[in-house]
DNA sequence: CCGCATCCGAGATGATACTG
DNA sequence: CAGTATCATCTCGGATGCGG
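Chains as they are written, first to last, in our numbering: chain A, 1 to 139; chain B, 1 to 139.
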């Protein structure tokens, strides 16, 4: 066989892509891929997951300081959604003043695991994409 | 050292998450992670990439048939954006009737490589997330 | 066949002010 | 400190009709 390793990988990737596409319309009537993307694809979810993933747990105000530009409202909404999806835990301490800690669940850590490669890729190839945009803008 | 392999991996993941977060405000003034997510996080880009990744190339009408529910307008807009970012190529054949072929660039295939694990994860854990939502809805 | 331009509604996002 | 409530805004995406 004269098939190279690269060709094998390429074929394998095509096969995986087909498989993912094929998995449309599950029980909820929505393609899982689009569903998940709809969540982490919003403006803040992924950042929240990355920040929570970079430590063990964070409280509300600390998270807000770290996620630059997020409003109080959107942080609340984002965290609630992530909690609903079972990706983060929310722990309230009955103290004065109140304290609320957020942390990733096992599920959330799993998602973090697949999100990180994407973040790394984004960092690595941001220059290439910026360059491609320049080229078009110049034309 | 009594540190387990799992603990090592966890620590490594935290470190990677920190690294990704730290890379904010590049030349374009935008965090690369948010930038990329803004692209593939929209309603159709990721599906287009997956479909293009499952074959060698596709023409406009074929792509439209495969991506269920997409409007002509959004397919055009999505493909143009991907082209601008250097993720897909657009080849026009001067025939009657016209024919336009789309295919992933090397950059696009790289993105496909990190997107597929996410798709696989989404498929694998969609039930868990659905269950988490049920639990909240019941409460 | 392929794609652009225009209009428009829905949902996401943001600013601000107010509570336990 | 950690939200909730309300209102204003803004972008996305869909429908439609025209052009190459």
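Where a beta carbon is used, it is the ideal one built from N, C-alpha and C, also for glycine.
Spatially closest choice to residue i from the options, by CA coordinates
{"i": "residue 107(B)", "options": "68(B), 131(B), 89(B)", "result": "89(B)"}
{"i": "residue 55(A)", "options": "75(B), 12(B), 55(B)", "result": "12(B)"}
{"i": "residue 91(B)", "options": "23(B), 59(B), 128(B)", "result": "59(B)"}
{"i": "residue 130(B)", "options": "20(A), 85(A), 96(A)", "result": "85(A)"}
{"i": "residue 125(B)", "options": "18(A), 132(A), 37(A), 5(A)", "result": "37(A)"}
{"i": "residue 31(B)", "options": "23(A), 100(A), 50(A)", "result": "50(A)"}
{"i": "residue 122(B)", "options": "40(A), 104(A), 134(A)", "result": "40(A)"}
{"i": "residue 102(A)", "options": "94(A), 16(A), 110(A), 82(A)", "result": "82(A)"}
{"i": "residue 53(A)", "options": "62(B), 34(B), 119(B), 19(B)", "result": "19(B)"}
{"i": "residue 64(B)", "options": "100(B), 96(B), 33(B)", "result": "100(B)"}
{"i": "residue 17(A)", "options": "137(B), 138(B), 109(B), 98(B)", "result": "109(B)"}
{"i": "residue 21(B)", "options": "35(B), 105(B), 139(B)", "result": "35(B)"}
{"i": "residue 80(A)", "options": "132(B), 61(B), 96(B), 97(B)", "result": "132(B)"}
Any C-beta of chain B under 8 Å from that of residue i
{"i": "residue 21(A)", "result": "yes"}
{"i": "residue 126(A)", "result": "yes"}
{"i": "residue 110(A)", "result": "yes"}
{"i": "residue 7(A)", "result": "no"}
{"i": "residue 103(A)", "result": "no"}
{"i": "residue 77(A)", "result": "no"}
{"i": "residue 54(A)", "result": "yes"}
{"i": "residue 89(A)", "result": "no"}
{"i": "residue 120(A)", "result": "yes"}
{"i": "residue 50(A)", "result": "yes"}
8 Å Cβ cutoff, residue i in contact with chain A
{"i": "residue 123(B)", "result": "yes"}
{"i": "residue 47(B)", "result": "yes"}
{"i": "residue 65(B)", "result": "no"}
{"i": "residue 140(B)", "result": "This structure cannot settle anything about residue 140(B), because the visible part of chain B is limited to 1 through 139."}
{"i": "residue 204(B)", "result": "Outside the modelled stretch of chain B, which goes from 1 to 139, sits residue 204(B), for which no answer is possible."}
Identity of the residues DSSP links to residue i by a beta bridge
{"i": "residue 131(A)", "result": "DSSP output for residue 131(A) lists no bridge partner at all."}
{"i": "residue 104(A)", "result": "88(A)"}
Exercise for the section: Flag this pair as touching only if the stretch 64-77 of chain B and the stretch 33-46 of chain A have three or more C-beta atom pairs under 8 Å; answer yes or no. Expected result: At 8 Å Cβ cutoff, the stretches do not touch.
Practice task
Taking 8 Å as the threshold, find out whether the stretch 114-128 of chain B comes into contact with the stretch 57-71 of chain A through three or more Cβ pairs.
Solution key: The stretch 114-128 of chain B, when compared against the stretch 57-71 of chain A, does not touch it at the 8 Å Cβ threshold.
Problem - Whole runs of the alpha helix (DSSP H) within the stretch 20-101 of chain B, excluding any shorter than 4 residues - result: List check, alpha helix (DSSP H) in window: 32-40, 45-53, 60-66, 72-84.
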